[in-house]
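Mapped onto the working numbering, the consecutive letters of the sequence shown carry residue numbers 4 to 174. Step one of this worksheet: look at the structure below.
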Amino acid sequence: MRASPAVSSPLASPPPERSSVSANREPAQQHSVSVAGVAVREDGRVLVIRRADNGRWEPPGGVLERDEAIEEGVRREVYEETGIKVHVERLTGVYKNMTLGVVALVFRCSPAGGHERLSDESTAVTWLALDEVMTRMSEAYSVRIADALTDDLAPHIRTHDGRNLTVPDCY
């Protein structure tokens, strides 16, 4: 029995590669997704770090790995940067850095063990009261902690330029 000749079919050919550039449009912008955990102790103090790369105070967090679940990323980032293990409780905010194209998902957490320690990414790890947070952090980061301390059920959605909150242009 002879094999039948291969038949070319449009269904058998691979789909064309997608281009990130549409006709008459700019290239599609890429975004990075980061996660942060606002760990809150029973006394209301929150866990923060002073970043090694820029000296700024922020809640611990970083880039979400492509192959990890969101809550797993929160736990990993907080532990890597501080030595503190956390229970992730709820999403409290979505924040977009309009300058860098980073979308941050911020979660309220509770401490679940471990001991404070420094890492390659932090030069200080401490627990601060809200008034201390407001004096040490730029608005773009202090608002994340203030939002996490509210009892609001829905997450806050905000934009910033890396330091200050911004109001997006309306279309």
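All C-beta atoms in this analysis are idealised placements derived from N, C-alpha and C, irrespective of residue type, glycine included. From a predicted model like this one, the values you see are computed outputs, not experimental measurements.
Excluding the 5 residues flanking it on each side, Met-137 has same chain C-beta neighbours closer than 7 Å at Ser-145, in chain order. Using a C-beta cut-off of 8 Å, the segment 120-127 makes no contact with the segment 158-171, since fewer than three inter-stretch Cβ pairs fall below that distance. Secondary structure note for Thr-138: its alpha helix (DSSP H) is the uninterrupted segment 133-139. Ranked by Cα distance from Gly-47, the first of His-159, Leu-103, Trp-130, Gln-33 is Trp-130. Counting only runs of 4+ residues, the alpha helix (DSSP H) found wholly inside the segment 59-98 occupies 73-85, in chain order. The alpha carbon of Glu-71 has as its nearest neighbour, out of Thr-126, Glu-142, Thr-95, Ser-37, the alpha carbon of Ser-37. Going by C-alpha positions, Asn-57 is about 16 Å away from Glu-142. Annotated three-state conformation of Val-170 is coil, per DSSP.
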